[in-house]
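Heads up: the sequence shown begins at 937 in the numbering used here, then just goes up one per residue.
Every residue, glycine too, gets a C-beta built ideally from N, C-alpha and C.
Since the model is a prediction, treat every value here as computed from it, not as a measurement.
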Amino acid sequence: MLQDYLSFLAKLRNYSFVNTLLIYQHNPYATHVAGMRKWNELGRFVRKGEKAIMIFAPRFRKNKSKEIDEETGLEVDVQQERLSGFVSVPVFDISQTDGDKVPSLVSDFGGHTELFERFMSVFGRTYSISQQKLTAPLGGYTDGCAIVLNEIKSEEQKLKTLIHEVAHCVLNHVGNEEKLKSVKEIEAEMTAFIVAEHFGIDSGEYSFGYLFGWGKGDIDQIMESVDVAYKVSKEIIESVELEASKDLIAS
C-alpha cells in the first residue's frame, strides 16, 4: 500500500500533499490531473458523464490599507491579496478526457546513463560530486557539501544513491542532532524512491527493504516522513526538468 501511494505521488508532484490524498482516494491510478478549462486549453475535453475529483484550492481576498510612501512621505492606498480560506474545485484525470496528445518531458531523458549524467550536471553545480572505490555494499555518502559515490556500482544504483544523498543535503540532515538517524534515512530514501519512480526507474525492491529496515516496521514513523519526502522530491524533479526544458529550447 505504501509503495503504491509513493508511486502515485511521483506522478502528481504539482499538487499539495492533502490534495494528492484526495485524488488518490478517488482514483489511485490517476496520472495527470487538471481542471476542465485547463484540459480544454490543452486540446482535450472531459467525456460526458465523468465524475469530477474534488480537491481544495486557495481563496484570496483583496484588502485595502493605507501606508506611508517612503519617497514622498504621503499616505497612499495599498491593495493586497490575502488568503481567506479554501474552496472545493473539480478536476479530472487525463483518463477521463479525449483529445490531443499531452507531451511529457520524462520521455526525453533516455536511459540510465543520460539521466545519471543529467543529475550529475544539475547537482554538481551545488555540491562537489566524485566517484571513488568504496567498500561494498556502501553506495555512497555525503558530508552535506560533498557527495561521494561508489564507482564500482552500476549507473542505475549510483543514480539512486545520488538522489538519496542530495536529499540528505537539501534537508540539512548532516549535523542535525535533533532528528534521529533512522528518520533521516527514511526521508532520504523515500525521496529517492519518488524521484526515481517519476523518471521511470524501478527501485521498489531495494527502497522498501531499506525503509522498513530503518523504520523497523513502524509504519507510523514511515508515514510521518511522507510529507517531507514529497516536498523535497518535487524540488529535485523540478530542478532536473527545468534544465531539460532549457536544453530543448536551445536545440
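Fill in: Segments of 4+ residues assigned as alpha helix (DSSP H) that fall wholly inside the segment 1067 to 1111
The segment 1067 to 1111 contains these whole alpha helix (DSSP H) runs: 1091 to 1106.
Item to complete: For isoleucine 1172, name the three-state secondary structure that DSSP assigns.
Response: Secondary structure at isoleucine 1172: helix, using DSSP grouped into helix, strand and coil.
Practice prompt. May I have a chain-ordered list of the alpha helix (DSSP H) segments no shorter than 4 residues that lie completely inside the segment 1000 to 1063?
Written response: Listed in chain order, the complete alpha helix (DSSP H) runs (minimum 4 residues) inside the segment 1000 to 1063 are 1048 to 1059.
Fill in: Local conformation of phenylalanine 1129 per DSSP, three classes
Looking at phenylalanine 1129 - three-state DSSP - the assignment turns out to be helix.
Worksheet item: Under 8 Å between the Cβ atoms of valine 1023 and serine 1175?
Response: Going by C-beta atoms, valine 1023 is not nearer than 8 Å to serine 1175.
Practice prompt. Kindly indicate which residue of Glu1011, Leu1070 and Thr956 has the alpha-carbon position closest to the one of alanine 993.
Written response: Of Glu1011, Leu1070 and Thr956, the residue nearest in Cα terms is Thr956.
Practice prompt. Would you list the one or two residues that DSSP bridges to proline 964?
Written response: In DSSP, proline 964 forms no bridge with anything.
Practice prompt. Could you work out which residue in Met972, Asn999 and Gly1136 is closest to glutamate 1017 when comparing CA atoms only?
Written response: Restricting attention to Met972, Asn999 and Gly1136, the CA atom closest to the CA of glutamate 1017 is found in Asn999.
Worksheet item: Start and end of the alpha helix (DSSP H) containing arginine 973?
Response: Following the DSSP letters along the chain, one finds arginine 973 inside the alpha helix (DSSP H) bounded by residues 972 to 977.
Worksheet item: Can you tell me whether serine 1043 is buried or exposed, with buried defined as 16 or more other CB within 10 angstroms of its CB?
Response: Its pLDDT being 38, under 50, serine 1043 is placed unreliably in this model, and the value from its coordinates should be taken loosely. Exposed, by the Cβ-count rule.
Item to complete: Sort His1100, Ala1132, Glu1160 and Thr967 by Cα distance to valine 1027 and report the nearest one.
Response: Selected option, being the one with the closest Cα: Thr967.
Discussion item. Taking the alpha carbon of glutamate 1160 as the reference point, which residue from Gln1032, Ser1064, Lys1120 and Asn976 has its own alpha carbon closest?
Written reply: Comparing Cα positions, the closest option is Lys1120.
Discussion item. Can you look up lysine 998 in the DSSP assignment and give me helix, strand or coil?
Written reply: For lysine 998, the three-state secondary structure derived from DSSP is strand.
Discussion item. Using DSSP's beta-bridge definition, name the partner residues of phenylalanine 1135.
Written reply: Under DSSP, phenylalanine 1135 takes part in no beta bridge, so it has no partner.
Fill in: phenylalanine 1135 and leucine 1070 closer than 8 Å at C-beta
Cβ atoms of phenylalanine 1135 and leucine 1070: not closer than 8 Å.
Item to complete: Under 8 Å Cβ to Cβ from glycine 1080, same chain only, skipping five residues before and after it: list those, please.
Response: For glycine 1080, same chain residues with a beta-carbon under 8 Å away, outside a window of 5 residues either side, are His1104, Cys1105, Asn1108, His1109, Val1110 and Gly1111 in chain order.
Worksheet item: What is the DSSP secondary structure of alanine 1124, counted as helix, strand or coil?
Response: Helix, per DSSP.
Worksheet item: alanine 1209 by DSSP, collapsed to three states: which one?
Response: The question about residue 1209 has no answer, for the chain in this structure spans 937 to 1187.
Practice prompt. Determine the closest residue to valine 969 out of Met990, Glu1007 and Lys984, with distance taken between C-alpha atoms.
Written response: Nearest C-alpha to valine 969: Met990.
Worksheet entry | Buried or exposed by the 16-neighbour rule on C-beta atoms within 10 Å, applied to aspartate 1029 | With 16 or more other Cβ atoms within 10 Å, it is buried.
Item to complete: Whole angstroms is fine: what's the gap from leucine 1010's alpha carbon to lysine 1002's?
Response: Spanning the alpha carbons of leucine 1010 and lysine 1002 requires a straight line of approximately 10 Å.
Worksheet item: When the Cα atoms are used, what is the spatial distance from phenylalanine 1055 to methionine 972?
Response: Each residue's Cα considered, the two are about 35 Å apart.
Practice prompt. Return the CA-CA distance between leucine 1074 and isoleucine 1173, expressed in angstroms with no decimal places.
Written response: In a straight line, the C-alpha of leucine 1074 is about 25 Å away from that of isoleucine 1173.
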